[in-house]
Structures are given as C-alpha cells and as structure tokens.
Amino acid sequence: MNILVTGGAGFIGSNFVFLELKEHPEDKIICVDKLTYAGNLKTLKDVMDNPQFKFYKTDICDREAIDKIFAEEKPDIVVNFAAESHVDRSIENPEVFLETNIIGTSVLMDASRKYGVKRYHQVSTDEVYGDLPLDRPDLFFTEETPLHTSSPYSSSKAGADLLVSAYHRTFGLPVTISRCSNNYGPYQFPEKLIPLMIANALADKSLPVYGEGLNVRDWLYVEDHCKAIDLIIRKGTVGEVYNIGGHNEMKNIDIVKIILNELGKPESLITHVTDRKGHDQRYAIDPAKIHAELGWLPETMFKDGIKKTIQWYLDNKEWWEDIISGDYQNYYEEMYGKKEVIE
Ligand SMILES: NC(=O)c1ccc[n+]([C@@H]2O[C@H](COP(=O)([O-])OP(=O)(O)OC[C@H]3O[C@@H](n4cnc5c(N)ncnc54)[C@H](O)[C@@H]3O)[C@@H](O)[C@H]2O)c1
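Going left to right, the sequence shown walks through residues 97 to 439 as the numbering used here numbers them.
This is the structure:
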C-alpha cells in the first residue's frame with residue numbers, strides 16, 4: 097500500500113513514519129511536509145535513503161502541488177498530521193492556523209476524492225471538546241461530547257473535523273478521525289511543556305509554569321498514539337471518530353517536578369508566570385471505544401515513558417540544541433540544496 101503522511105517531519109508524524117516503516121516494510125510511505133519552524137528534516141535523516149520512503153517539501157494548501165503528488169504517487173491511504181499545533185502561537189497569530197488546519201485539510205480531501213483513496217484519516221485532538229472542570233474527576237470526553245473549543249488552535253482543528261465529517265456525508269469520502277490527548281516522547285519541538293522543561297532544567301534556566309500549574313492534561317507516549325492510528329487506518333470503521341488516551345492525568349506542576357527530580361535539579365528553578373489566555377483546565381479522554389472495537393490499549397506507563405523521554409533528550413542534545421540555536425533550519429539547504437529535490 098502507498099500511505100501518504102503529511103506533517104511527517106514534525107513530532108508525531110515522524111514517529112508514525114518510523115513505526116510504519118518498521119511494522120509494515122511492504123508499504124511505501126510518501127511524506128509531505130512544508131518544513132515550517134516545527135518541521136525538521138534532520139529528524140528523518142535515518143529514513144531518507146530507505147527505498148520505501150519518499151519526501152516532498154510541499155505545503156498542503158498548495159492545490160496544484162498536492163494534485164501532482166497524488167497523480168504521481170496514487171496513495172491508498174492519507175494520514176493528515178500536518179498542522180499548526182501550538183496553542184500559544186494561535187493566540188498570537190490565528191490566521192495561519194485557519195489556512196493550514198482548515199484549508200489544507202480541504203485541499204487534501206479534494207485530492208483524495210479525485211484520486212479515489214481508500215481512506216482519509218484526520219489526526220485531531222481532544223482539545224476540540226474544550227475543557228472539563230477540575231472538581232469533576234468523574235467526567236471524561238467521549239466521542240459524543242459536543243465540540244466546544246477555547247483557542248484559535250482548537251477551533252481550527254474542530255473546523256477541520258466538521259469538514260471531514262461533511263466530506264464523508266456529502267461526497268462519501270471514506271474518512272476516519274482520531275482525537276488524542278497530549279503526547280510526549282522523542283522529537284517533540286522544544287517549545288512544548290516537557291521538552292522545554294528538560295532543556296531549561298539542563299541549562300539551569302528558570303522553568304516557566306503557567307499560573308499555579310494546576311491544569312490537568314492526559315499524557316500519552318507518542319508511540320502508543322501512532323499504534324492507535326495504525327490500527328484505525330487498517331481496521332477502523334469508515335465514518336467513525338475514535339478518542340485516544342491512556343487515563344494518565346497529571347497536573348502540569350507535577351510533571352515539571354518529576355522532570356527536575358529525574359535530572360537532579362532543584363525545584364527553586366520553577367517560576368510561575370501569567371496564565372495563558374483562556375487556559376483549558378482539564379482534559380481527560382475516555383478511550384473505551386477504541387479499546388472495545390480495535391483492542392487498543394496504551395503500552396507505555398507514564399513512569400517509564402517519561403524516563404525514556406528524558407534519556408532521549410539527554411542522548412540527542414544536538415537535535416534540540418540545533419533547534420534552539422536555529423541551525424536546524426539550514427539543514428535542508430545544506431543536505432538537499434545541492435541535490436535534486438522534489439518540491
Ligand atoms: N502534540 C500533541 O500532543 C497532539 C495531541 C493530539 C493531536 N495532535 C495533532 O497531531 C498532529 C501533529 O502534531 P505534532 O505535535 O506532531 O505537531 P508539530 O508541530 O510537531 O508538527 C507539525 C508538522 O506539520 C508540518 N506543517 C505545518 N504546516 C504545514 C503545511 N501547511 N503543509 C505541510 N506541512 C505542514 C510542519 O512542518 C511539521 O513538520 C497535529 O494535527 C495536532 O493537531 C497533537
């Protein structure tokens with residue numbers, strides 16, 4: 097099968113590319129990524145020469161270029177990870193979120209219709225459900241929870257989800273949607289909570305925590321998310337939404353303390369900063385449906401996953417130090433500037 101993966105130079109998309117090439121060596125992976133600030137080609141360096149892998153530096157909003165790629169590659173399955181993904185950036189500049197997350201999704205689905213893909217899978221987020229109160233630990237997001245967004249980011253993702261459902265109902269496009277909780281693991285861009293705190297702690301810099309740090313997130317090891325998507329695209333039911341989460345709720349402040357403790361750094365590095373505008377209080381997924389229908393369960397416990405993640409950042413300092421210094425953005429030019437590149 098030919099699987100077209102968008103956003104494969106980002107955090108979750110790259111982990112998905114690695115999983116697919118390992119678990120399904122018979123399948124071909126076609127990666128489409130614009131290489132925004134969040135996309136890093138260095139992440140994919142070990143697979144660039146794999147004959148089952150092909151990379152296109154392309155914007156998913158570029159209709160003509162996307163059409164050409166579909167005509168050339170004839171994907172059986174499309175998995176759309178490409179997105180502007182950082183809530184704080186969406187508060188500063190919402191527009192690019194609407195372009196990539198909504199328009200980009202429609203461009204991919206139009207091409208999917210035209211070339212008759214067997215499955216279009218939209219990678220969405222639990223943030224489309226809004227938040228839950230901190231004092232109601234009995235409440236969880238199910239697939240039936242109404243969409244009720246807080247940030248321009250989550251609104252753009254919810255807009256895309258509605259469009260995906262509409263393409264299924266109106267045009268019969270064979271779609272699935274997954275809505276996952278917060279991910280952590282290797283190759284996460286160091287603006288997000290866990291890698292940011294690891295990088296700052298290692299540099300003995302202050303660790304900025306929004307407000308009291310009492311906001312609760314439901315953390316899932318990235319490989320578990322990727323395995324869930326792999327199951328959905330191969331065995332999931334067309335037209336369905338699947339929530340993905342590991343019942344692993346943690347307060348932000350507790351995550352930060354665990355990281356400091358693992359690295360042997362003092363809690364005095366924590367500084368409390370003005371809270372994010374419209375900050376969601378609690379996210380918590382009910383993953384009963386994907387467990388019952390597809391047999392998916394998370395395999396990595398948080399206590400093991402966080403150790404593995406910290407160790408990965410310790411072992412791969414060059415990867416994130418290059419990002420922090422901005423050097424990674426020259427890598428594409430250095431590596432591929434002189435080669436023939438598919439753009
Ligand atoms: N990170 C999480 O905790 C989490 C949780 C649930 C769902 N998600 C969803 O998973 C997906 C991937 O998230 P991530 O954390 O890996 O994001 P990321 O920001 O690390 O990666 C996004 C990737 O998309 C690429 N991209 C951005 N705009 C593009 C465009 N117009 N055309 C082509 N490529 C473009 C970037 O270059 C980058 O490689 C997103 O759709 C996000 O909404 C993320």
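Just so you know, even glycine gets a beta-carbon here, dropped at the ideal spot from N, CA and C. Predicted model, so just to flag it, every value in this text is computed and none were measured.
With residue i and residue j assumed to form a contact (beta carbons below 8 Å), what rounded beta-carbon distance in angstroms separates them?
| i | j | result |
| --- | --- | --- |
| S250 | E223 | 4 Å |
| L117 | I125 | 6 Å |
| V128 | I156 | 7 Å |
| K385 | N339 | 6 Å |
| K170 | N98 | 6 Å |
| E319 | L115 | 7 Å |
| H217 | I381 | Going by Cβ atoms, the distance from H217 to I381 rounds to 18 Å, so no, they are not a contact pair. |
| I325 | V219 | 7 Å |
| G341 | S246 | Their Cβ separation, rounded to whole angstroms, is 18 Å, which puts G341 and S246 out of contact at 8 Å. |
| N136 | Y424 | 5 Å |
| G200 | A178 | 6 Å |
Which residues does DSSP pair with residue i in a beta bridge?
| i | result |
| --- | --- |
| F237 | I381 |
| T272 | H217 |
| V101 | C127, V175 |
| K301 | Per DSSP, none; premise fails for K301. |
| V337 | I273 |
| N279 | L316 |
| L194 | Answer is none; L194 lacks a bridge partner. |
| L137 | Paired residue(s): none; L137 is not in a bridge. |
| Y152 | V128 |
| Y225 | Beta-bridge pairing links Y225 to no other residue. |
In or out: residue i buried (at least 16 other Cβ within 10 Å) or exposed?
| i | result |
| --- | --- |
| E191 | exposed |
| V410 | Per the sequence shown, residue 410 should be read as Leu rather than Val. So L410 counts as exposed. |
| L235 | exposed |
| S421 | exposed |
| Q407 | exposed |
| V437 | Unreliable positioning characterises V437 in this predicted model, as indicated by a pLDDT of 44, which lies under 50. The coordinate reading is nonetheless provided below. So V437 ends up on the exposed side. |
| M293 | buried |
| V334 | exposed |
| K138 | buried |
| E308 | exposed |
| F267 | exposed |
| S110 | buried |
| M205 | buried |
| V271 | buried |
| A207 | buried |
| R265 | exposed |
Extract the residue ranges of the alpha helix (DSSP H) inside the segment 341-376, only unbroken runs of 4 or more that lie entirely within it. Restricting attention to alpha helix (DSSP H) runs no shorter than 4 residues, the segment 341-376 encloses them at 348-359, ordered along the chain.
Practice task
Pick out the complete beta strand (DSSP E) segments inside the segment 383-429, 3 residues or longer, and give them in chain order.
Solution key: Within the segment 383-429, no complete beta strand (DSSP E) run reaches 3 residues.
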